[in-house]
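All remarks here apply to the structure that follows.
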Amino acid sequence: MSTPPGWYPDPEWMGRERYWDGQTWTTQSRRYERTRRHQRPP
């Protein structure tokens, strides 16, 4: 079972999110907002 594309906690930078395209991490990142709920990272 693969993880769907979406924004997840960045595995390298605390306090940031990175976009998972369904296969790999992209270079897109953004500051984490506490109001968002996360799925488990891939």
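The numbers in the UniProt record's numbering rise by one with no breaks, and the one at position 4 of the sequence shown is 4. Quick reminder that beta carbons are idealized off the backbone N, C-alpha and C, glycines included. In this text, all values refer to a predicted model and were calculated from it rather than measured experimentally.
Exercise. Would you say ARG30 touches the ligand NAD, meaning its beta carbon is less than 7 Å from a heavy atom?
Worked result: Ligands displayed in this structure: none; no statement on the ligand NAD is therefore possible.
For this session: Spatial neighbours of ASP10 within its chain, please: CB distance less than 7 Å, with the 5 preceding and 5 following residues excluded, ordered by chain position.
Result: Once the five neighbours on either side are set aside, the close Cβ partners of ASP10 are ARG16, GLU17, ARG18, SER29.
Problem set entry | TRP20 burial status per 10 Å Cβ neighbour count (16 or more: buried) | A residue is called buried once 16 or more other Cβ atoms fall within 10 Å of its Cβ, and TRP20 is buried on that count.
Exercise. What is the DSSP secondary structure of TRP20, reduced to helix, strand or coil?
Worked result: strand
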